[in-house]
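See structure below.
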Amino acid sequence: MNVAGIRKKIEIYQNEGKKLFTTSSFQSHSLVLLHMISRIDDTIPVVFINTGYHFPETIQFRNYITGLFGLNTIDLRSETPRVAQKGSDGRLLFASDPDHCCYLNKTQPLDKWLIEYDVWINGVRADQSAVRAAMKEEQDAPYHTLRFHPMLDWTTKMIYAYRKKYDLPAHPLDSNGYLSIGCEPCTRKIDAEMMEREARWFGLNKNECGLHTDLIN
1 MNVAGIRKKI EIYQNEGKKL FTTSSFQSHS LVLLHMISRI DDTIPVVFIN TGYHFPETIQ
61 FRNYITGLFG LNTIDLRSET PRVAQKGSDG RLLFASDPDH CCYLNKTQPL DKWLIEYDVW
121 INGVRADQSA VRAAMKEEQD APYHTLRFHP MLDWTTKMIY AYRKKYDLPA HPLDSNGYLS
181 IGCEPCTRKI DAEMMEREAR WFGLNKNECG LHTDLIN
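Just so we're aligned: the sequence shown equals residues 1 to 217 in the working numbering.
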């Protein structure tokens with residue numbers, strides 16, 4: 001979907017009286033959608049799911065981009081305190097049960113947004129993983145919310161071209177070899193032979209946190 005198509009679709013949703021929000025991890029490739037939203041309607045809430053495990057550079061970059069684009073960024077945290085996020089062995093869940101850690105810190109906190117809002121604008125791309133390649137432009141989410149994937153057919157090359165055209169900044173960790181940046185304990189630098197998301201949860205049979213597997217019908 002091109003830029004004009006994305007604008008038109010968002011305006012159609014709004015004219016229908018639908019409440020929209022988006023989520024963002026504030027990685028370099030995320031800025032394309034955020035930049036578009038800032039130019040279409042900067043009042044649309046941008047939910048940053050703050051797990052408490054992000055790199056400090058990500059938090060700083062989120063704050064910088066929020067100010068630069070004039071975004072309505074909302075910090076969303078888990079209702080389960082960190083002290084309660086431990087397995088039976090006493091280790092924090094990111095080390096002992098990363099799937100449950102993701103549930104408590106990412107998917108569960110988003111429930112209240114899916115209950116209240118009608119459309120979730122989501123920046124997933126088909127070229128990021130096999131899971132995302134199987135998605136459609138519009139799909140149902142829990143609580144009768146609609147997922148809208150405007151960037152689904154965008155490629156890395158298209159993302160780069162847009163960023164270059166509008167001189168969008170890069171996440172400070174990009175230059176250090178991090179191309180897919182999530183929580184610090186579960187993210188590593190990418191090797192030359194690795195796919196983008198293979199740097200997440202390295203060594204585990206896992207490359208999605210649940211937002212795009214559990215919160216989609």
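No residue lacks a Cβ here, since even glycine has one placed at the ideal position from N, Cα and C. Values in this document were obtained by computation on a predicted structure and should not be read as measured data.
The alpha-carbon separation between Lys157 and Lys165 amounts to approximately 12 Å. Three or more Cβ pairs drawn from the region 23 to 32 and the region 53 to 69 lie within less than 8 Å of each other, which places the two stretches in contact.
In the three-state scheme derived from DSSP, where H, G and I count as helix and E and B as strand, Trp120 is classed as strand. With contacts defined by Cβ atoms closer than 8 Å, Ile181 and His171 form a contacting pair. Here the alpha carbons of Asp167 and Leu71 stand approximately 18 Å from one another. The beta-carbon distance between Gln139 and Asn217, rounded to whole angstroms, is 7 Å. This is short enough to meet the 8 Å contact definition. For His35, the secondary structure class from DSSP, reduced to helix, strand or coil, is helix. DSSP places Ala141 in the uninterrupted beta strand (DSSP E) bounded by Glu138 to Ala141. With fewer than 16 other CB atoms across the displayed protein chains lying within 10 angstroms of its CB, Arg77 is exposed.
Boundaries of the alpha helix (DSSP H) harbouring Phe61: Pro56 to Phe69, taken from the DSSP string. Shortest Cα-Cα distance from Leu114 to any of Arg147, Gly5 and Ile44 involves Arg147.
By the neighbour-count criterion, in which a residue is buried when 16 or more other Cβ atoms sit within 10 angstroms of its Cβ, Gly177 is exposed. If you draw a 10 Å sphere on the C-beta of Tyr64, you find fewer than 16 other C-beta atoms in it, and that means exposed. Per the C-alpha coordinates, the member of Asn2, His35 and Asp41 positioned closest to Glu11 is Asp41. Under the DSSP assignment, Pro45 falls in the beta strand (DSSP E) whose first and last residues are Pro45 to Ile49.
By the CB criterion at 8 Å, Leu211 and Thr107 fall inside the cutoff. Inter-residue distance for Val47 and Asp89 is about 33 Å (C-alpha atoms, whole angstroms). Around the C-beta of Ser175, fewer than 16 other C-beta atoms lie within 10 Å, and the residue is accordingly described as exposed.
Annotated as proximal: Ile49 and Leu110, with beta-carbon spacing under 8 Å. Residues Asn72 of the same chain have their beta carbon placed closer than 6 Å to that of Thr43, with the five preceding and five following residues left out of the count.
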